[in-house]
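The sequence shown stops at residue 286 when you use my numbering, and every number in between is there.
Even glycine gets a Cβ: it sits at the ideal position worked out from N, Cα and C.
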Amino acid sequence: MSATSIEIIIGEKTFKLKVSEDQRELILKAVDEINKKMDEFTLNYKMTDKYDILVMSALQLVTLKIAMEESLENNNKIVLDKLKKMNDLLDLT
């Protein structure tokens, strides 16, 4: 896999990155989410300090990520439990 150079802008600051082709779209989506969250904090909370806005945006996005991971883990446990029960039923026949 070859790396490609991209330029991203987060909070009015430009960053140059080298990323693999398969990560390019994912990174661009992440940048979009970060900038949307920063705009949300700027508008809804009248925040002006870019660092504060970035920190609060990161906190909210990572909190959401952790909640989704926990939900996925819980769903996996439920599915595995149901599969085990189905397997046990099949073993009885």
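Sixteen is the threshold: since fewer than 16 other Cβ atoms of the shown chains lie within 10 Å of the Cβ of M261, the residue is exposed. Shown here for L285: not one same chain residue has a beta carbon closer than 8 Å to its own, the five before and five after excluded. In this chain, the beta strand (DSSP E) harbouring E200 covers A196 to I203.
In the structure shown, K239 adopts coil according to DSSP, grouped into three states. Around the beta-carbon of I246, 16 or more other beta-carbon atoms lie within 10 Å, marking it buried.
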